[in-house]
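Heads up, the thing below is written out as structure tokens.
Protein chains: 2
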Amino acid sequence: MSVCCDILLCGDFVHITALINYLKGEIPIMNLSQMTKEELASFKSENEKLYNDFRSQGLCLNMSRGNPCSEQLALSLDMLKAFDDGNFMSECGNDVRNYGVPDGIPEAKKLFSEMIGVNTDEIIIFGNSSLNAMFFAVQCAFNKGILGSKPWSEYDKVKFLCPVPGYDRHFKVTQFFGVEMINIPMTPTGPDMDMIEELVKNDETVKGIWCVPQYSNPDGICYSDETVKRFAALKPAAKDFRIFWDNAYCIHHLTDSPKYILNILDEAKKVGNENIVYVFGSTSKVTFPGAGVAVMGGSKENIDELKKYLGISIISHDKMNQLRHVKFFGTFKNMQEHMKKHMSIIAPKFNLVCDKLEKELAPLGIGQWTTPKGGYFISFNAPNGCAKRIVSLCSEAGVTLTGAGATFPYGIDPDDKNIRLAPTYPPIEDLSKAMDLFVICVKIAAAEKLLAE
Amino acid sequence: MSVCCDILLCGDFVHITALINYLKGEIPIMNLSQMTKEELASFKSENEKLYNDFRSQGLCLNMSRGNPCSEQLALSLDMLKAFDDGNFMSECGNDVRNYGVPDGIPEAKKLFSEMIGVNTDEIIIFGNSSLNAMFFAVQCAFNKGILGSKPWSEYDKVKFLCPVPGYDRHFKVTQFFGVEMINIPMTPTGPDMDMIEELVKNDETVKGIWCVPQYSNPDGICYSDETVKRFAALKPAAKDFRIFWDNAYCIHHLTDSPKYILNILDEAKKVGNENIVYVFGSTSKVTFPGAGVAVMGGSKENIDELKKYLGISIISHDKMNQLRHVKFFGTFKNMQEHMKKHMSIIAPKFNLVCDKLEKELAPLGIGQWTTPKGGYFISFNAPNGCAKRIVSLCSEAGVTLTGAGATFPYGIDPDDKNIRLAPTYPPIEDLSKAMDLFVICVKIAAAEKLLAE
Numbered sequence: 000m001s002v003c004c005d006i007l008l009c010g011d012f013v014h015i016t017a018l019i020n021y022l023k024g025e026i027p028i029m030n031l032s033q034m035t036k037e038e039l040a041s042f043k044s045e046n047e048k049l050y051n052d053f054r055s056q057g058l059c060l061n062m063s064r065g066n067p068c069s070e071q072l073a074l075s076l077d078m079l080k081a082f083d084d085g086n087f088m089s090e091c092g093n094d095v096r097n098y099g100v101p102d103g104i105p106e107a108k109k110l111f112s113e114m115i116g117v118n119t120d121e122i123i124i125f126g127n128s129s130l131n132a133m134f135f136a137v138q139c140a141f142n143k144g145i146l147g148s149k150p151w152s153e154y155d156k157v158k159f160l161c162p163v164p165g166y167d168r169h170f171k172v173t174q175f176f177g178v179e180m181i182n183i184p185m186t187p188t189g190p191d192m193d194m195i196e197e198l199v200k201n202d203e204t205v206k207g208i209w210c211v212p213q214y215s216n217p218d219g220i221c222y223s224d225e226t227v228k229r230f231a232a233l234k235p236a237a238k239d240f241r242i243f244w245d246n247a248y249c250i251h252h253l254t255d256s257p258k259y260i261l262n263i264l265d266e267a268k269k270v271g272n273e274n275i276v277y278v279f280g281s282t283s284k285v286t287f288p289g290a291g292v293a294v295m296g297g298s299k300e301n302i303d304e305l306k307k308y309l310g311i312s313i314i315s316h317d318k319m320n321q322l323r324h325v326k327f328f329g330t331f332k333n334m335q336e337h338m339k340k341h342m343s344i345i346a347p348k349f350n351l352v353c354d355k356l357e358k359e360l361a362p363l364g365i366g367q368w369t370t371p372k373g374g375y376f377i378s379f380n381a382p383n384g385c386a387k388r389i390v391s392l393c394s395e396a397g398v399t400l401t402g403a404g405a406t407f408p409y410g411i412d413p414d415d416k417n418i419r420l421a422p423t424y425p426p427i428e429d430l431s432k433a434m435d436l437f438v439i440c441v442k443i444a445a446a447e448k449l450l451a452e
Numbered sequence: 000m001s002v003c004c005d006i007l008l009c010g011d012f013v014h015i016t017a018l019i020n021y022l023k024g025e026i027p028i029m030n031l032s033q034m035t036k037e038e039l040a041s042f043k044s045e046n047e048k049l050y051n052d053f054r055s056q057g058l059c060l061n062m063s064r065g066n067p068c069s070e071q072l073a074l075s076l077d078m079l080k081a082f083d084d085g086n087f088m089s090e091c092g093n094d095v096r097n098y099g100v101p102d103g104i105p106e107a108k109k110l111f112s113e114m115i116g117v118n119t120d121e122i123i124i125f126g127n128s129s130l131n132a133m134f135f136a137v138q139c140a141f142n143k144g145i146l147g148s149k150p151w152s153e154y155d156k157v158k159f160l161c162p163v164p165g166y167d168r169h170f171k172v173t174q175f176f177g178v179e180m181i182n183i184p185m186t187p188t189g190p191d192m193d194m195i196e197e198l199v200k201n202d203e204t205v206k207g208i209w210c211v212p213q214y215s216n217p218d219g220i221c222y223s224d225e226t227v228k229r230f231a232a233l234k235p236a237a238k239d240f241r242i243f244w245d246n247a248y249c250i251h252h253l254t255d256s257p258k259y260i261l262n263i264l265d266e267a268k269k270v271g272n273e274n275i276v277y278v279f280g281s282t283s284k285v286t287f288p289g290a291g292v293a294v295m296g297g298s299k300e301n302i303d304e305l306k307k308y309l310g311i312s313i314i315s316h317d318k319m320n321q322l323r324h325v326k327f328f329g330t331f332k333n334m335q336e337h338m339k340k341h342m343s344i345i346a347p348k349f350n351l352v353c354d355k356l357e358k359e360l361a362p363l364g365i366g367q368w369t370t371p372k373g374g375y376f377i378s379f380n381a382p383n384g385c386a387k388r389i390v391s392l393c394s395e396a397g398v399t400l401t402g403a404g405a406t407f408p409y410g411i412d413p414d415d416k417n418i419r420l421a422p423t424y425p426p427i428e429d430l431s432k433a434m435d436l437f438v439i440c441v442k443i444a445a446a447e448k449l450l451a452e
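Top line first, the protein sequences correspond to chains P and Y.
The first sequence begins at 0 in numbering that gives the first Met the number 0 and counts up one residue at a time.
The second sequence begins at 0 in numbering that gives the first Met the number 0 and counts up one residue at a time.
Now the structure itself:
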């Protein structure tokens, strides 16, 4: 009984069906924690048999990264015909095949400023990687400071706040620069804002925070209006504190009635705080992960400074690819329509994962997980101390998951419990097999843990 | 007489025809310096009349950057059909549309390692900009050091050697990072090696040098074998000193019997000094300046370190564009053949510029210039103190040149004499007009100077 109550109290971590069934008294409660040692040993042994069957199959499946699948990649193939008309001219008069226009062609600014919710003079069009844009922004802060502040490299220590679980590649960027990262717990409405407000208030060395505000990576949480407003109104001791607002999944919905978070730059402007945030986005999961277009938005003052630095680091990004995108989509509305095609391919995969977890684990009271309404991941919390063991068991049987701990700074999950499941890439039959294996591994690890107690 | 002797003594700065004519006594020597004030005033006045005629035409021509022209861009259009076969797979099994393979697909490594003369495990394939690769390498040195050395950001002062005249964008990268730049005079065989060896010998803060070894920007000088060998054997006090060997024009010849410089990495390996150099190249002037492929090569140790950092700054560069290039060219030999098509388009433009200079200026003994055998520029040295005036006169009459001083660190040409002429972009009729204007402006500025003396 305690299990379902725990789950219920966790907000987004609710297994509705399991709860209803439980309340209706229709499913047998076989909570692992209520088993005797003998029952546990037998349970473990049964699952080890199933595990060994899997192992002998020589599987080779990869669920480690949020990669779109082949069907998704095929959705944008017509983009490659964009230049069949022989027209390479941007509306600004630049032949996009040639040099020039380092901050992006105006028609790309129009299209993507709508996507990330900024004005056309508040955006830079980068290359194919928003991570690279983030790296650049952090690097500029380290080498030049921000809007006249001292370069961060001149501090003995610079700190970043890191909502956890979060995106491993964010953490690696700040780790590269020697930043001290502070874990901030996620809640169903976003990161713990009380803690954030407290931490930034007096410490001038706290310089930034990593956020994935819509369908957070990996929890799939959408920041509440209150959370966005509190971020927008943040008054850190450091004038060069920046919120790195990675809106990677801003149009990546998994339902027909999507949630939208508040526009943080608009909110920040309302309270005269528009320099507080850098916004990022990309078409990596709209067109091609390897050949999309990445963008960065922010106040004109922030963007103008970074444009100046950008023009030193590169002559121009790939403007042919920018124009390809503009020609392919035409309007932002068309981009949104395009995303529905992605949804129809990947929503069934998310459903499959959630169904397997609910059917196989909910009745046993093992683990908690999210049922996201968008984004690319399902966040699974195993019993404490079991994540590494589960990932390792899966790996030995041929299924690669995101490394346990990856969702935390320095790769250290203090509870060794979070596993990021990425269901989009494998074909659904493979995914089904992988999830069958996954739940078996969870059962084994959970039983091992209880037996060792 | 002194003029021709000066010219003769300058090695690459020889006007052969003028010299022969002079020796044959066939051309009247109207050396400006031999004119009386009256003759000068009349000469100036005549040219001012011609200038005003030009000015009234409302020209609008751009010779400021080394941009390929439309005909050159058209040479690579078939590259856009590379995926008509529907095959997106790299030989390493990666679907190039998707994430992964941050250091470049193996088939691109094969193709481009031949271009820059390294092994396939000594290369990284970047995005569309070799400048961005150089920026990244400098930035990594600043934030992380090189192979265990202290990060450059921890020094009060870091110095770079800058052969002059040189490439403005190189200088801007080091200026961005606050590097102190030291001018190194160019000679007909490359930068002054005596001076370089002396400067690096004892000063641990001298960390690097910018080089364009083949068809140097803007002089078009090819470093001699001795120069390359001395670079390869350089033993700087700083273990993290690097030669930034920007081989931008390695296959960009303007004659059928091209010069080839020695392979610096090979030479460095011979003397156990392979970590001394970072090599760069790109297809910006092979396929599309805005959508080419940039590469960086070096010792395995250097490259392995940078691969590690690269994987933090980006998930992957645009591998579709890498495969596009591989499919279009197939072999390095085909790339070299392709460059002959470029040559046939731009060599007449270089000839036109040199002819105009020789016909109009050589007999007057004004200025010195190069007749490059490759690359993208003609370097013109006006009489001291005249470069800014010439560029400004041209600009007022509608012809934009590279800013005077741009070829020197901080934009400061101590003699105010060097002007970089970029003949590739304008149609040949426009170029002809622009050069007619240019020589008039040179004549006016030279006369003004002599009159003021």
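We put the beta carbon where it would ideally sit given N, CA and C, even for glycine.
For clarity, every value in this text was computed on a predicted model and none was experimentally measured.
- Using a CB distance cut-off of 8 Å, K318 (chain P) counts as an interface residue toward chain Y.
- Contact residues of the segment 123 to 140 of chain P toward chain Y are G126, N127, S128, L130, N131, F134, Q138 (C-beta to C-beta distance below 7 Å).
- Counting only runs of 3 or more residues that sit fully inside the segment 140 to 215 of chain Y, the beta strand (DSSP E) segments are 158 to 163, 179 to 186, 205 to 210, in chain order.
- For F328 (chain Y), the enclosing alpha helix (DSSP H) has its first and last residue at 318 to 328.
- Inclusion of I208 (chain Y) and F175 (chain Y) in the CB contact set at 8 Å is not warranted, their separation being larger than that value.
- In the DSSP assignment, R54 (chain P) falls within the unbroken alpha helix (DSSP H) covering 36 to 55.
- Close CB contacts of V325 (chain P) within its chain, under the 7 Å cut and outside five residues either way in sequence, are with E106, A107, L110 (chain order).
- Shown here, N93 (chain Y) sits in coil according to DSSP, grouped into three states, outside any helix or strand.
- By the criterion of at least three beta-carbon pairs nearer than 8 Å, the segment 286 to 294 of chain P is not in contact with the segment 302 to 314 of chain P.
- The straight-line gap separating the alpha-carbon atoms of P422 (chain P) and Y98 (chain P) is approximately 40 Å.
- Between the alpha carbons of V211 (chain P) and A247 (chain P) lies a gap of roughly 7 Å.
- In the structure shown, the three-state DSSP call for V390 (chain Y) is helix.
- With a threshold of 16 other beta carbon atoms within 10 Å, Q33 (chain P) falls short and is exposed.
- With contacts defined as CB atoms closer than 8 Å, N46 (chain P) and K416 (chain P) fail to qualify as a contacting pair.
- Taking every protein chain shown into account, the CB of M29 (chain P) has fewer than 16 other CB atoms within 10 angstroms, so this residue is exposed.
- Contact annotation for R419 (chain Y) against chain P: no contact, minimum CB-CB distance about 15 Å [criterion: below 8 Å].
- Looking at the DSSP output, N86 (chain P) sits in no beta bridge, so it has no partner there.
- Pairing F230 (chain Y) with I263 (chain Y), the inter-Cα distance amounts to about 8 Å.
- Residue range 299 to 312 is occupied by the alpha helix (DSSP H) that includes Y308 (chain Y).
- Less than 8 Å separates the beta-carbon of A396 (chain P) from that of L58 (chain P).
- Annotation for D167 (chain P): A405, T406 place their beta carbon closer than 7 Å to its own, counting only its chain and skipping 5 residues before and after.
- Per the coordinates, the alpha-carbon of A267 (chain P) lies some 11 Å from the alpha-carbon of Y277 (chain P).
- Three or more pairs of CB atoms, one per stretch, sit closer than 8 Å, so the segment 250 to 264 of chain Y contacts the segment 368 to 379 of chain Y.
- Judged by beta-carbon spacing, P162 (chain Y) lies within the 8 Å limit of M185 (chain Y), meaning their Cβ atoms are closer than that value.
- Put simply, of P:P288, P:F349, P:I344 the residue whose alpha carbon is nearest the alpha carbon of N320 (chain P) is P:P288.
- According to DSSP, residue pairing for D218 (chain P) in a beta bridge does not occur.
- DSSP, reduced to helix, strand and coil, places H251 (chain P) outside both helices and strands of the structure shown, so it counts as coil.
- In its own chain, leaving out the 5 sequence neighbours on each side, no residue places its CB closer than 7 Å to the CB of Q56 (chain P).
- Collapsing the DSSP output to three states places Y409 (chain P) in a helix.
- L400 (chain P) sits close to M62 (chain P), with the two beta carbons spaced by under 8 Å.
- In chain order, Y98 make up the part of chain P whose C-beta sits under 7 Å from the C-beta of R64 (chain Y).
- Under a criterion of Cβ atoms nearer than 9 Å, the residues of chain Y adjacent to A290 (chain P) are, in order, V95, R96, D317, K318, M319, N320.
- Contacts with chain Y at 8 Å (Cβ-Cβ) include Y308 (chain P).
- Taking the CA atoms as reference points, Y308 (chain P) sits about 28 Å from C249 (chain Y).
- A check of alpha carbon separations from I344 (chain Y) across Y:K284, Y:K43, Y:D414, Y:A386 identifies Y:K284 as the nearest.
- Taken atom to atom, the span from the alpha-carbon of Y154 (chain Y) to that of V199 (chain Y) is near 16 Å.
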